[in-house]
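For what it's worth, the UniProt record's numbering labels the leading residue of the sequence shown as 1, then goes sequentially. The C-beta atom is built at its ideal place from N, Cα and C for all residues, glycine as well. For clarity, every value in this text was computed on a predicted model and none was experimentally measured. Report on one structure; see the data block that follows.
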Amino acid sequence: MPAPEARIFENIKTEKPATRKLLELDIKFGDLTDKNVEQFRILNYLNLPVIYSEDFYRRLINNLRYSKLAYLKDVLVGAISCKEDDYEGERVVYIMTITILKPYRRYGIASKLLEQAVKDCAKGNIKKMNLHVQSSNQSALEFYKKHGFEIAAKLDDYYTDLQPADCYVLVKNLEQSTTSQ
């Protein structure tokens with residue numbers, strides 16, 4: 001039986017959608033708001049190994065500029081959450097989460113969410129994006145490298161609740177890139 005938080009997604013089909021073209025046409029992007037933040041929280045709960053605090057979501061509501069949601073027929077299937085941060089004395093946008101419901105992965109939704117965040121960075125005159133990726137998460141490392149991110153550092157014992165606890169800091173220089181890689 002699914003967790004109570006999962007009830008909002010009970011009617012989602014678990015098989016892959018029939019065609020990529022149909023899926024791409026049906027995806028709509030929207031902003032994170034105080035009205036849909038609970039759906040976003042549940043999406044993260046279902047897909048990510050970390051459970052984020054209520055404070056995490058409250059802070060997101062105050063920093064909406066770089067967070068986007070992906071919908072398929074009014075059902076939330078993916079999201080990216082980012083915030084302005086300081087990295088080595090420079091204003092950057094830090095990617096906190098990017099997640100797609102399992103049946104909708106590998107259809108380009110995460111790439112489109114990331115592209116939107118890059119465009120929003122350009123509007124905000126942000127020159128770099130960065131994030132942390134668990135050292136064992138090869139699919140995430142490949143995804144970000146494909147989109148122009150480079151490993152800038154390895155941090156030992158970064159995560160307190162995950163094994164392995166090590167992570168990579170990935171950085172993308174937006175001045176040297178285009179929105180589509």
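- Residue environment: residue 136 is assigned as exposed (fewer than 16 neighbouring CB atoms within 10 Å of its CB, all protein chains considered).
- Contact between residue 107 and residue 141 does not hold, since their C-beta atoms are separated by about 20 Å, which reaches or exceeds 8 Å.
- Taking 7 Å as the cut-off, the beta carbon of residue 126 is found closer than this to the beta carbon of residue 93.
- Rounded to whole angstroms, the separation of the alpha carbons of residue 38 and residue 73 is 18 Å.
- The beta-bridge partner set that DSSP reports for residue 134 consists of 167.
- Sorting 71, 128, 96 and 103 by C-alpha distance to the C-alpha of residue 89 places 128 at the top.
- Only buried fits residue 68, as 16 or more other CB atoms lie within 10 angstroms of its CB.
- Contact annotation: residue 110 and residue 98 have beta-carbon atoms nearer than 7 Å.
- When DSSP states are grouped into helix, strand and coil, residue 84 belongs to the strand group.
- In the DSSP annotation of this structure, the continuous segment of the beta strand (DSSP E) that includes residue 29 starts and ends at 27-31.
- Around the beta-carbon of residue 134, 16 or more other beta-carbon atoms lie within 10 Å, marking it buried.
- Distance from the Cα of residue 165 is smallest, within the candidate group 26, 132 and 65, for 132.
- Distance from the CA of residue 70 to the CA of residue 152, rounded to the nearest whole angstrom, comes to 29 Å.
- Rounded to the nearest angstrom, the Cβ distance from residue 47 to residue 101 is 7 Å, consistent with a contact under 8 Å.
- If you check the CB distance, residue 117 and residue 61 do not come in under 7 Å.
- Per DSSP, residue 71 lies in no alpha helix (DSSP H); the unbroken beta strand (DSSP E) holding it starts and ends at 68-72.
- Residue environment for residue 155: exposed (fewer than 16 other C-beta atoms within 10 angstroms of its C-beta).
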